[in-house]
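Student: In UniProt numbering, the protein residues as written are 1 to 241.
First the structure, then my questions, so here it is.
Here it is in C-alpha coordinates:
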(Lines of atoms letter the chains of each structure in order from A and count residues from 1; the text may use other names and numbers.)
(Lines give C-alpha, C1' and ligand atoms only; values in the text may rest on other atoms or scores of the structure.)
Protein backbone atom coordinates (compact mmCIF):
# COMPACT_ATOMS: atom_id res chain seq x y z
CA UNK A 1 0.00 0.00 0.00
CA UNK A 2 2.77 2.39 0.93
CA UNK A 3 4.52 1.55 -2.36
CA UNK A 4 1.48 2.61 -4.41
CA UNK A 5 1.12 5.83 -2.45
CA UNK A 6 4.77 6.71 -3.09
CA UNK A 7 4.37 5.94 -6.77
CA UNK A 8 1.31 8.17 -7.01
CA UNK A 9 3.11 11.00 -5.25
CA UNK A 10 6.04 10.68 -7.63
CA UNK A 11 3.73 10.71 -10.65
CA UNK A 12 1.88 13.76 -9.32
CA UNK A 13 5.20 15.51 -8.65
CA UNK A 14 6.39 14.79 -12.19
CA UNK A 15 3.11 16.03 -13.67
CA UNK A 16 3.25 19.21 -11.55
CA UNK A 17 6.85 19.85 -12.58
CA UNK A 18 5.98 19.35 -16.24
CA UNK A 19 3.03 21.73 -15.93
CA UNK A 20 5.18 24.41 -14.28
CA UNK A 21 7.93 24.01 -16.87
CA UNK A 22 5.41 24.15 -19.72
CA UNK A 23 3.80 27.29 -18.34
CA UNK A 24 7.20 28.95 -17.91
CA UNK A 25 8.19 28.11 -21.47
CA UNK A 26 4.86 29.36 -22.75
CA UNK A 27 5.19 32.55 -20.72
CA UNK A 28 8.67 33.11 -22.05
CA UNK A 29 7.51 32.40 -25.60
CA UNK A 30 4.48 34.69 -25.53
CA UNK A 31 5.90 37.69 -23.63
CA UNK A 32 5.18 40.81 -25.68
CA UNK A 33 8.49 42.41 -26.63
CA UNK A 34 8.16 46.18 -26.49
CA UNK A 35 10.14 48.20 -29.03
CA UNK A 36 11.82 45.14 -30.64
CA UNK A 37 13.85 47.21 -33.13
CA UNK A 38 14.78 50.16 -30.94
CA UNK A 39 18.39 49.00 -30.49
CA UNK A 40 19.00 48.81 -34.25
CA UNK A 41 19.04 52.59 -34.69
CA UNK A 42 22.49 53.85 -35.74
CA UNK A 43 22.09 56.86 -33.43
CA UNK A 44 19.49 58.07 -30.98
CA UNK A 45 19.02 60.69 -28.28
CA UNK A 46 17.47 60.83 -24.84
CA UNK A 47 17.06 62.70 -21.56
CA UNK A 48 18.89 61.97 -18.31
CA UNK A 49 17.75 62.92 -14.80
CA UNK A 50 19.08 61.72 -11.48
CA UNK A 51 20.94 62.45 -8.28
CA UNK A 52 24.58 62.60 -7.23
CA UNK A 53 26.74 62.32 -4.12
CA UNK A 54 29.93 64.39 -4.22
CA UNK A 55 33.01 63.73 -2.08
CA UNK A 56 36.67 64.68 -1.95
CA UNK A 57 39.64 62.78 -0.51
CA UNK A 58 42.23 65.06 1.15
CA UNK A 59 45.89 64.72 2.00
CA UNK A 60 46.95 67.20 4.70
CA UNK A 61 49.97 68.10 6.79
CA UNK A 62 49.87 67.39 10.53
CA UNK A 63 48.42 68.46 12.88
CA UNK A 64 45.44 69.39 10.66
CA UNK A 65 42.95 66.84 9.32
CA UNK A 66 40.35 67.67 6.67
CA UNK A 67 37.41 65.49 5.68
CA UNK A 68 34.07 65.68 3.90
CA UNK A 69 32.12 64.48 6.91
CA UNK A 70 28.73 63.81 5.32
CA UNK A 71 27.08 63.05 2.00
CA UNK A 72 24.90 65.77 0.48
CA UNK A 73 22.51 64.63 -2.23
CA UNK A 74 22.63 66.72 -5.40
CA UNK A 75 20.61 66.88 -8.61
CA UNK A 76 21.73 65.95 -12.13
CA UNK A 77 20.12 66.62 -15.52
CA UNK A 78 21.47 66.10 -19.01
CA UNK A 79 20.97 64.89 -22.58
CA UNK A 80 22.11 61.63 -24.17
CA UNK A 81 23.62 60.96 -27.59
CA UNK A 82 24.10 57.25 -28.31
CA UNK A 83 25.89 55.76 -31.34
CA UNK A 84 25.58 52.05 -32.14
CA UNK A 85 28.96 50.44 -32.87
CA UNK A 86 27.87 46.79 -32.88
CA UNK A 87 25.14 44.55 -31.50
CA UNK A 88 26.57 44.79 -27.99
CA UNK A 89 28.69 47.94 -28.02
CA UNK A 90 27.62 51.60 -28.02
CA UNK A 91 29.45 54.92 -27.75
CA UNK A 92 27.70 57.44 -25.52
CA UNK A 93 28.15 61.14 -24.85
CA UNK A 94 26.03 62.60 -22.05
CA UNK A 95 26.49 66.37 -21.41
CA UNK A 96 25.20 66.81 -17.85
CA UNK A 97 24.79 69.49 -15.20
CA UNK A 98 25.53 68.34 -11.64
CA UNK A 99 24.28 70.54 -8.78
CA UNK A 100 25.68 69.61 -5.39
CA UNK A 101 27.81 70.49 -2.38
CA UNK A 102 30.49 69.11 -0.10
CA UNK A 103 30.45 69.80 3.65
CA UNK A 104 34.03 69.99 4.92
CA UNK A 105 35.30 69.77 8.49
CA UNK A 106 38.89 70.70 9.38
CA UNK A 107 40.35 69.69 12.76
CA UNK A 108 43.48 71.20 14.32
CA UNK A 109 44.58 68.36 16.57
CA UNK A 110 47.17 70.29 18.61
CA UNK A 111 44.64 72.91 19.82
CA UNK A 112 41.43 72.40 21.77
CA UNK A 113 38.32 74.45 22.44
CA UNK A 114 36.66 75.10 25.81
CA UNK A 115 35.14 71.59 25.78
CA UNK A 116 38.46 69.86 25.19
CA UNK A 117 37.71 69.00 21.56
CA UNK A 118 40.11 69.77 18.68
CA UNK A 119 39.69 73.25 17.24
CA UNK A 120 37.40 72.92 14.22
CA UNK A 121 36.50 74.91 11.13
CA UNK A 122 33.71 74.00 8.70
CA UNK A 123 33.00 74.97 5.13
CA UNK A 124 30.16 74.31 2.66
CA UNK A 125 31.77 73.87 -0.74
CA UNK A 126 28.97 74.33 -3.28
CA UNK A 127 29.63 73.19 -6.83
CA UNK A 128 27.83 73.26 -10.16
CA UNK A 129 29.62 71.06 -12.69
CA UNK A 130 29.17 70.87 -16.43
CA UNK A 131 30.38 67.39 -17.37
CA UNK A 132 30.83 65.73 -20.76
CA UNK A 133 31.39 61.99 -20.17
CA UNK A 134 32.40 59.77 -23.08
CA UNK A 135 31.61 56.13 -22.31
CA UNK A 136 31.66 52.74 -23.98
CA UNK A 137 28.53 50.75 -23.13
CA UNK A 138 28.71 46.95 -23.35
CA UNK A 139 25.27 45.30 -23.29
CA UNK A 140 24.28 41.69 -22.72
CA UNK A 141 21.76 39.97 -24.96
CA UNK A 142 18.21 41.18 -24.54
CA UNK A 143 15.95 38.90 -22.50
CA UNK A 144 12.27 39.69 -22.96
CA UNK A 145 12.07 43.37 -21.98
CA UNK A 146 15.28 43.79 -20.00
CA UNK A 147 18.92 44.12 -21.03
CA UNK A 148 21.69 44.68 -18.44
CA UNK A 149 24.87 46.50 -19.36
CA UNK A 150 28.22 47.78 -18.08
CA UNK A 151 30.10 50.92 -19.05
CA UNK A 152 33.46 52.65 -18.64
CA UNK A 153 34.91 55.93 -19.84
CA UNK A 154 36.31 59.35 -19.01
CA UNK A 155 34.49 62.43 -17.82
CA UNK A 156 35.71 65.98 -18.40
CA UNK A 157 34.20 68.50 -15.97
CA UNK A 158 34.12 72.28 -15.59
CA UNK A 159 33.23 73.94 -12.27
CA UNK A 160 30.84 76.78 -13.10
CA UNK A 161 30.77 78.17 -9.54
CA UNK A 162 34.49 78.52 -9.07
CA UNK A 163 34.39 81.67 -6.97
CA UNK A 164 36.84 82.46 -4.19
CA UNK A 165 36.28 80.24 -1.14
CA UNK A 166 37.18 80.76 2.51
CA UNK A 167 39.59 77.85 3.05
CA UNK A 168 39.37 75.13 0.39
CA UNK A 169 39.11 76.11 -3.24
CA UNK A 170 39.01 73.70 -6.18
CA UNK A 171 40.44 74.17 -9.63
CA UNK A 172 38.05 75.05 -12.41
CA UNK A 173 38.51 71.85 -14.44
CA UNK A 174 38.60 68.17 -13.55
CA UNK A 175 39.03 64.83 -15.32
CA UNK A 176 37.50 61.65 -13.96
CA UNK A 177 37.55 57.95 -14.72
CA UNK A 178 34.14 56.33 -14.41
CA UNK A 179 32.66 52.85 -14.38
CA UNK A 180 29.07 51.83 -13.95
CA UNK A 181 26.29 49.37 -14.55
CA UNK A 182 22.67 49.63 -15.53
CA UNK A 183 19.72 47.91 -17.15
CA UNK A 184 17.62 48.82 -20.18
CA UNK A 185 13.91 48.35 -19.50
CA UNK A 186 11.79 48.21 -22.65
CA UNK A 187 8.42 49.85 -22.03
CA UNK A 188 5.53 50.17 -24.51
CA UNK A 189 6.35 53.76 -25.54
CA UNK A 190 10.02 54.30 -24.65
CA UNK A 191 13.11 52.70 -23.10
CA UNK A 192 13.95 53.44 -19.45
CA UNK A 193 17.47 52.76 -18.15
CA UNK A 194 18.39 53.14 -14.45
CA UNK A 195 22.16 53.40 -14.07
CA UNK A 196 24.63 53.62 -11.18
CA UNK A 197 28.03 55.16 -11.93
CA UNK A 198 31.20 55.67 -9.86
CA UNK A 199 33.59 58.51 -10.78
CA UNK A 200 37.10 59.21 -9.46
CA UNK A 201 39.25 62.27 -10.17
CA UNK A 202 42.65 61.65 -11.73
CA UNK A 203 44.64 64.60 -10.42
CA UNK A 204 45.05 67.03 -7.54
CA UNK A 205 42.18 69.54 -7.72
CA UNK A 206 43.22 71.88 -4.89
CA UNK A 207 43.71 75.52 -5.95
CA UNK A 208 45.81 77.66 -3.58
CA UNK A 209 45.79 80.89 -5.58
CA UNK A 210 43.41 82.49 -3.06
CA UNK A 211 45.42 81.69 0.10
CA UNK A 212 47.36 84.98 0.06
CA UNK A 213 44.06 86.90 0.19
CA UNK A 214 42.74 85.14 3.32
CA UNK A 215 42.63 87.65 6.21
CA UNK A 216 42.03 85.21 9.07
CA UNK A 217 45.35 83.68 10.21
CA UNK A 218 43.68 80.49 11.47
CA UNK A 219 41.91 79.91 8.14
CA UNK A 220 45.15 80.63 6.29
CA UNK A 221 46.87 77.96 8.39
CA UNK A 222 44.14 75.46 7.48
CA UNK A 223 44.38 76.34 3.79
CA UNK A 224 48.18 75.97 3.73
CA UNK A 225 48.01 72.55 5.40
CA UNK A 226 46.03 70.96 2.54
CA UNK A 227 48.46 69.27 0.16
CA UNK A 228 46.09 67.60 -2.31
CA UNK A 229 42.50 66.60 -2.94
CA UNK A 230 40.96 64.06 -5.32
CA UNK A 231 37.28 64.41 -6.17
CA UNK A 232 34.86 61.49 -6.16
CA UNK A 233 31.24 61.19 -7.17
CA UNK A 234 28.47 58.59 -7.24
CA UNK A 235 25.71 59.22 -9.78
CA UNK A 236 22.32 57.50 -10.03
CA UNK A 237 20.75 58.33 -13.38
CA UNK A 238 17.49 57.48 -15.15
CA UNK A 239 17.65 57.63 -18.95
CA UNK A 240 14.53 58.11 -21.07
CA UNK A 241 15.29 57.01 -24.63
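Glycine included, every Cβ here is placed at the ideal spot set by N, Cα and C.
Can you tell me the Cβ-Cβ gap for residue 130 and residue 64, rounded? I've got them flagged as a contact below 8 Å.
Tutor: The Cβ separation is near 32 Å, so there is no contact.
Student: Could you work out which residue in 86, 49, 76, 67 is closest to residue 141 when comparing CA atoms only?
Tutor: 86
Student: Nearest CA to the CA of residue 101: which residue from 195, 56, 133, 135?
Tutor: 56
Student: Considering only their Cβ atoms, is the gap separating residue 197 from residue 168 smaller than 7 Å?
Tutor: no
Student: Once you ignore the five residues that flank residue 156 on each side, which residues in its own chain have a CB closer than 6 Å to its CB?
Tutor: 132, 175
Student: Let's see if you can read the secondary structure: which residues bound the beta strand (DSSP E) around residue 200?
Tutor: 191 to 201
Student: Measure the CB-CB distance between residue 52 and residue 103 and report whether it falls below 7 Å.
Tutor: no
Student: Identify, in the order they occur along the chain, each residue of the same chain with its Cβ nearer than 7 Å to the Cβ of residue 119, setting aside the five sequence neighbours on each side.
Tutor: 108, 111, 112, 113
Student: Check the DSSP bridge columns for residue 225 and list the partner residues they point to.
Tutor: In DSSP, residue 225 forms no bridge with anything.
Student: Cβ of residue 46 within 7 Å of Cβ of residue 239?
Tutor: Contact: yes.
Student: Return the chain-ordered list of same chain residues with a C-beta closer than 8 Å to the C-beta of residue 211, the five sequence neighbours on each side being excluded.
Tutor: 220, 223, 224
Student: Could you pull out every residue in the same chain whose Cβ sits closer than 7 Å to the Cβ of residue 44, ignoring the five residues on either side in sequence?
Tutor: 82, 241
Student: Per DSSP, what are the beta-bridge partners of residue 232 in this structure?
Tutor: Per the DSSP secondary-structure output, residue 232 pairs in a beta bridge with 55, 200.
Student: Leaving out the 5 sequence neighbours to the left and right, which residues in its chain are closer than 6 Å to residue 303 when beta-carbon positions are compared?
Tutor: Residue 303 falls outside the range modelled here, since the chain spans only 1 to 241, and no answer is possible.
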